[in-house]
Amino acid sequence: MVLTAWLAVFLAVGAAEAHSFHGDGTTYGGNPLGGTCGFQRPWRVWTPQSMQLTAALNHPQWKSSLNCGRCVSVKHGDNAPVTIQIVDQCPECKHGDLDFATGAYNVVVQKGPGREKISWDFVECPDTFAAGDLEFVLKEGSNPYWTAFQPQNFKHGIECVDIDVGNGWERLERNEGVLVGFYFLYQRGVHGPFKLRATSVTGQVIVTPTFSSLNDPMRTGQQFGGGYSKPAGPVASVVLTPEAQPTPAPQAESLVVAPIAAVAREPTPPISPPILYEQPALDAQPFPIATRHEQQPERTHTPTLSPAPAAVPTAPSSPAKHAFKPPHPGREHPKKKKSCE
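Per the working numbering, the very first residue in the sequence shown carries number 1265; after that it's consecutive.
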């Protein structure tokens, strides 16, 4: 009985520490804004440090951008696991791969850039990335006839979003062929009060208050919590490289004026009176006036140049036999939860 209980505890701890996905970790620099997720502005609690703890997810697990904004706990070798956030896609990466921002790579791998083996799993986002309540923002260019909603500041991934404009709940469109990025689209007209309903990957549901128009701040006053089988790892601190400071201009040196020693003056000899003599008269001759003679330049014989032979056109080069074609990796279409079917 004691052995059975101990074994159950051991298996539970092992399951909590295991990671579901394995692949390669690389680094690409990274910027959480403007990537394939389409985040137009920083989340409410993002800082310059947390915005470096991000990664791009491989295409097979991209899930048509539905994994945007989710947090993952990543482990490399014997290093402690680190929690980071998904903000972009790595189209050429294989299943299990993560392409880290520089700061995230440094704290996860702790060595120079390369390709390192990692393991990871989805976890609940800590307060470093999402704190307070879930909110929605509009994509730039949205209007009552074409409205693209984007969830932000969520601790659990978003599986689907519905809208009620007064006629019951309707599913918002998710189609990267129409709109690339983490957006939920409605094209039937939002002309008055409406509500939104978000369902998380753990099956939790948040229904917003009724908003009077699209101009209202779309705060929900609620947040997802619990439901993950694996705990999040710690959030490492990132040391940002300070910006180069301008070199201060050199200060002018102070000039020290040394006193000049007094020089003894010698007596000045007496001035002899000038000797006066009579200068003979000179015949006054007028000064000649110089005349300007324009010097004509010497004529030089310019040799006649023969025309250059006409260039012989060269035949256009034939196209490469093996033109590069961009890869077209297959998309993964995971089975949705019943709550979002």
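Positions of the beta carbon are idealized from the N, C-alpha and C atoms, including for glycine. Predicted model, so just to flag it, every value in this text is computed and none were measured.
Residue i to residue j, Cα distance in whole Å?
i, j, result
"Q1487", "C1389", "11 Å"
"T1484", "G1453", "21 Å"
"C1301", "G1341", "29 Å"
"L1330", "N1439", "11 Å"
"W1410", "H1455", "11 Å"
"L1297", "P1324", "22 Å"
"P1457", "E1605", "25 Å"
"P1355", "T1463", "27 Å"
"G1376", "A1412", "40 Å"
"G1432", "K1459", "10 Å"
"V1471", "F1393", "22 Å"
"F1303", "V1351", "8 Å"
"P1408", "I1382", "45 Å"
"S1284", "R1308", "30 Å"
"R1305", "N1295", "11 Å"
"G1287", "R1334", "18 Å"
"G1467", "V1338", "24 Å"
"A1395", "Q1313", "16 Å"
"R1379", "N1343", "16 Å"
"K1494", "W1326", "20 Å"
"V1371", "G1491", "27 Å"
"N1322", "W1384", "13 Å"
"R1461", "F1448", "12 Å"
For residue i, which beta-bridge partners are listed by DSSP?
i, result
"V1471", "R1461"
"L1362", "G1289, L1321"
"K1339", "S1383"
"L1449", "A1412, E1437"
"V1425", "A1462"
"R1305", "In DSSP, R1305 forms no bridge with anything."
"L1402", "F1413"
"V1373", "V1373 pairs with nothing; no bridge assigned."
"Q1487", "Per DSSP, none; premise fails for Q1487."
"V1444", "Bridge partners of V1444: none, in fact."
"M1482", "F1400"
"T1300", "BP columns for T1300 are empty, so no partner."
"C1354", "N1322"
"V1346", "V1338"
"N1407", "W1410"
Considering only the alpha carbon of each residue, which of the options lies closest to residue i?
i, options, result
"D1345", "W1326, G1378, F1386", "Here the sequence assigns Pro to residue 1345, which means Asp is not the residue at that position. Taking only the C-alpha atoms, the option nearest P1345 is F1386."
"M1482", "G1489, F1446, D1397", "D1397"
"V1336", "P1355, G1360, H1323, A1462", "G1360"
"I1422", "G1489, E1380, S1284", "G1489"
"Y1369", "K1358, Q1353, C1357, I1348", "I1348"
"C1357", "Y1450, Y1292, V1338", "Y1292"
"Y1450", "T1311, C1424, N1295", "C1424"
"Q1353", "S1328, R1435, G1287, D1428", "S1328"
"G1299", "E1380, C1332, I1427, G1378", "C1332"
"E1399", "N1322, Y1492, P1473", "P1473"
"W1310", "D1391, V1371, W1384, N1322", "D1391"
Less than 8 Å between the CB atoms is what I'm expecting for residue i and residue j, so what's the real figure, rounded?
i, j, result
"H1420", "V1465", "6 Å"
"V1373", "G1289", "6 Å"
"I1427", "E1437", "Between E1437 and I1427 the Cβ distance is about 10 Å, and since that is not below 8 Å, they are no contact."
Checklist entry - For the 8 Å Cβ check, are there 3 or more pairs between the region 1355-1370 and the region 1413-1421? => result no
Checklist entry - Looking at C-beta atoms only, is the number of pairs between the region 1401-1408 and the region 1310-1326 that lie closer than 8 Å three or more? => result no
Checklist entry - Does the region 1429-1445 come within contact of the region 1474-1481, defined as at least 3 CB pairs closer than 8 Å? => result no
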